[in-house]
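First the structure, in the form of structure tokens, and then the observations on it.
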Amino acid sequence: MIRVLLVDDEPLVLSLMKKVVDWKKYEMEVVGTAYDGASAIDFIKRNPVEIVFTDIKMPHMDGVELIKRVKEYLPNVLFVVISSYSDFSLVKESFQNGATDYILKIDIDNPSVIEPLMEKLYQKYRSQQLDLQGADTVFLKLPISHTEREYYFFRLMEVRFSGSPQILQITEELFSLQKDIGSFCCALSNGRLLFLAYGNAKENVVENSRFLTQKILESPGSASYWVGCSAVMKSLQPDEILKQAETAAGYRFYYPDERCFEYQEQGQDPYRKILDEISVCLENPAYMIRLAELMQMAHRLFDEAARLLVPPESLKEDAAQLYRRMYQAVCGKPCKNTGNLREAPDIIAIGAEFDQLVNQQIILENQPACHVGDMIEAYVESHYFEPELSISKAAEQLGISKQAIRAYLSDEKNMYFKQYLNTVRIQHAKELLSHTFLHVNEVAERVGYLYVEHFSRMFTKIVGKSPIQYAKSSKSHWE
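As structure tokens, this is what we get:
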């Protein structure tokens, strides 16, 4: 039976849910109830469950936080949100954090609503189980005994696709390679291909995995494929090796132009340190909120996330929460919209969306709450990568005169607008050269220069080293 937990702070709702739903019809049973998110987590720690129906608004811990906490460690648990008409903003947030469906409290005893929902939920659960079984088959297919597995080396590769790939063609090619090499097996799971290289010599496993990856990426239509590779493991640990391959495939979030990624063990201390620095600034009442400084720290955070390959979902959530807190600190009211930060497809989109939100919601909608200097600095900080950025465009967008911009930069920075813009661009270029492996021409393009020669001259003038010299010297400190 599929085990279900009901969570609501109203006993009447819990009682109604138990009675009106024909649980056995969907091979389900209610194994427990809880009155808030905290007690639900206590229950789940002691009792396995597959599905949770949860109220969205509860004391101590609400439904959104419950979903976040559980999904972090048990990503396959399905959640259905129970809500009122007034809760739709929270319902949306719950979907962003992994909820499967929702039902209004007034519809709980309405068969025309509850029955289709239960059928959809049942099919979702069964489909998910098939996907998980597909992942397991790659390990079950191994033609070696469990005893032998202790002495073998293994590497798992996960092939992901964008668009609508010819999965059958890819699968056939993999199986034909399997006949030639004989030292790997493959399976299709949840729209991904998994293939496992193995052998009693580590060097052979590395060589075979690279050969297989090359073949996959050279196959017809392969422009839409990318591969995540686990580390080479002595003895098979299915959960860990699958997690590593999935994590490596996720690195494409940071390097969307790359197609092959190898798992790297990375700490996140420097990333967390920047988050802590921002928190100190936002929580200290004596700190004079400077929007431009906060923007610079946010971009440092994104750069550090790319260097350390922080899990994309963690970065998205951190970016959304950071923006909420910045908005509250600068504008003095709660933030109602974090845009598409949680749906950003890659690190470039995260930065662009963050900058756009600051520009549209904090600066333009709340100009009285922002000092003119903050507005100018924050605007440049969020638009420096635009090649056509000029003092005229900044003045028009900010709704202030060019003279006001010139006066501020002259008095506070002792610079003209173009000088200040170049300084900001070169500072971001330094971050990219230090923390990524982008080519100089790519860095130039990302910080707003159309011509790499002009960028190199400006960089050398401001920094005292060429971009290549700076990249080599800065990377030597952390490699």
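Taking the working numbering, the leading residue of the sequence shown gets 18, the next gets one more, and so forth.
Every residue gets a Cβ at the ideal spot worked out from N, C-alpha and C, and that includes glycine.
Predicted, not measured: the structure shown is a model, and the values here were computed from it.
If you draw a straight line from the Cα of Ala51 to the Cα of Ile61, it comes to about 10 Å. Runs of alpha helix (DSSP H) with 4 or more residues, each lying fully within the stretch 103-142, are found at 105-113, listed in chain order. Taking each of Gln378, Leu467, Asp72 in turn and checking the Cα distance to Ile123, the smallest one comes out for Asp72. In this structure, the beta-carbon distance from Asp79 to Gly115 does not fall below 8 Å. Between Leu134 and Glu175, the gap from beta carbon to beta carbon reaches 8 Å or more. Met475 and Glu398 do not touch by the CB rule: their CB atoms are close to 18 Å apart, not below 8 Å.
Shown here, Lys447 sits in a helix according to DSSP, grouped into three states. Under the Cβ criterion (8 Å, minimum of three pairs), the stretch 310-330 counts as touching the stretch 276-291. Here Arg177 carries a strand assignment [DSSP, helix/strand/coil]. Under the three-pair Cβ rule at 8 Å, the stretch 475-490 counts as touching the stretch 431-450.
The three-state reading of DSSP puts Gly245 in strand, counting E and B together.
Put simply, the stretch 163-174 touches the stretch 241-252. At least three CB pairs are less than 8 Å apart. Take the alpha-carbon of Phe178 and the one of Ala262: they are about 14 Å apart. Taking the C-beta atoms as reference points, Lys219 is found nearer than 8 Å to Phe170. Taking a C-beta distance under 8 Å as the contact criterion, Ile364 and Phe270 qualify as a contact pair. According to the DSSP assignment, Thr50 belongs to the beta strand (DSSP E) that extends over 45-51. Looking at Pro28, Tyr43, Leu29, the one whose alpha-carbon comes closest to that of Met18 is Tyr43.
For Gly416, the number of other beta carbons within 10 angstroms of its own is below 16, and it is reported as exposed. Taking 8 Å as the upper bound for CB-CB distance, Tyr119 and Val98 are in contact here, some 4 Å apart.
A Cβ-Cβ separation of about 6 Å places Ala309 in contact with Asp391 under the 8 Å criterion.
By the 16-neighbour rule on beta-carbons within 10 angstroms, Ala461 is buried. If you draw a straight line from the Cα of Phe278 to the Cα of Leu107, it comes to about 36 Å. DSSP, read as helix, strand or coil, puts Ser100 in strand.
Contact between Arg341 and Cys352 holds, with the beta-carbon distance rounding to 4 Å and staying under 8 Å. Counting only the Cα atoms, Ser418 lies some 48 Å from Ala266. Secondary structure at Lys419: helix, using DSSP grouped into helix, strand and coil.
In the three-state reduction of the DSSP assignment, Ala218 falls in the coil class.
Three or more beta-carbon pairs separated by less than 8 Å link the stretch 448-458 to the stretch 484-493, which places the two stretches in contact. Within the model, the alpha-carbon separation for Arg423 versus His452 is close to 33 Å.
The alpha-carbon of Asn376 is positioned some 11 Å away from that of Ile393.
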